[in-house]
Amino acid sequence: MKTKIIQFVPAVLALAIVGFRYFSQWCIITSSSCYGTWVHWIYLGVINPAFYFASSFLLIALILIFISRSVFNSWFKFAVWAIPLSIVFIALIPDSNPGAYMDFFPFYRDDAARLAGEVFAAASLILIIWKWFAARRRPAHQ
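Residues in the sequence shown are numbered from 1 upward in steps of one, following the working numbering.
Right, here's the structure in full:
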């Protein structure tokens, strides 16, 4: 049972990020006490990109709950280097247009987070399916 609890962690984190984005958006729009706080200052630069990455990854996180431990360990080895690489990619992109007619990047941090999340989710799905089929082809006595 303890091993399955660990497989719930990606889904819980993704749901927490999605929930925090909706909470922070509600707080900034409806409550004057949130305006000017740290939630307001990190909304565009951190909260929105994290939401887009997590929402792209949410379906894969739910699939991770039901797969075998060996397939999960293979995915985890992939995620250990892919998630930090995605964070660096997202952080290098500006969060908004710096000025009029200075549009050097074709997309901004939200778009980069969507792209990184979709690429990570697609690569995760391919890895999970590949490892699942490889585990099923192995004889049971090994």
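From the three backbone atoms N, C-alpha and C, an ideal C-beta is built for every residue, glycine too.
Cα-Cα separation between residue i and residue j, rounded to whole angstroms
{"i": "Ile-83", "j": "Ile-29", "result": "31 Å"}
{"i": "Val-71", "j": "Trp-132", "result": "6 Å"}
{"i": "Phe-143", "j": "Ala-54", "result": "Here the chain covers residues 1 to 142 and nothing more, so residue 143 does not appear."}
{"i": "Ile-5", "j": "Ile-128", "result": "18 Å"}
{"i": "Leu-125", "j": "Phe-57", "result": "10 Å"}
{"i": "Gln-25", "j": "His-40", "result": "9 Å"}
{"i": "Ile-65", "j": "Leu-115", "result": "24 Å"}
{"i": "Lys-77", "j": "Asp-95", "result": "30 Å"}
{"i": "Cys-27", "j": "Val-18", "result": "14 Å"}
{"i": "Val-80", "j": "Val-119", "result": "15 Å"}
{"i": "Ala-14", "j": "Thr-37", "result": "24 Å"}
{"i": "Ala-122", "j": "Gly-45", "result": "24 Å"}
{"i": "Phe-107", "j": "Cys-34", "result": "28 Å"}
{"i": "Ser-68", "j": "Ile-87", "result": "27 Å"}
{"i": "Arg-138", "j": "Phe-23", "result": "46 Å"}
{"i": "Phe-89", "j": "Gly-117", "result": "11 Å"}
{"i": "Ala-135", "j": "Leu-59", "result": "22 Å"}
Assigned exposure category for residue i - 16 Cβ within 10 Å defines buried
{"i": "Ser-31", "result": "exposed"}
{"i": "Trp-75", "result": "buried"}
{"i": "Leu-85", "result": "exposed"}
{"i": "Arg-143", "result": "Residue numbering for the chain in the displayed model covers 1 to 142; residue 143 lies beyond these limits and cannot be assessed."}
{"i": "Ile-42", "result": "exposed"}
{"i": "Tyr-52", "result": "buried"}
{"i": "Ala-113", "result": "buried"}
Nearest-angstrom Cβ-Cβ length linking residue i and residue j, presumed shorter than 8 Å
{"i": "Ile-47", "j": "Arg-21", "result": "5 Å"}
{"i": "Ala-50", "j": "Pro-10", "result": "That pair is no contact at about 14 Å."}
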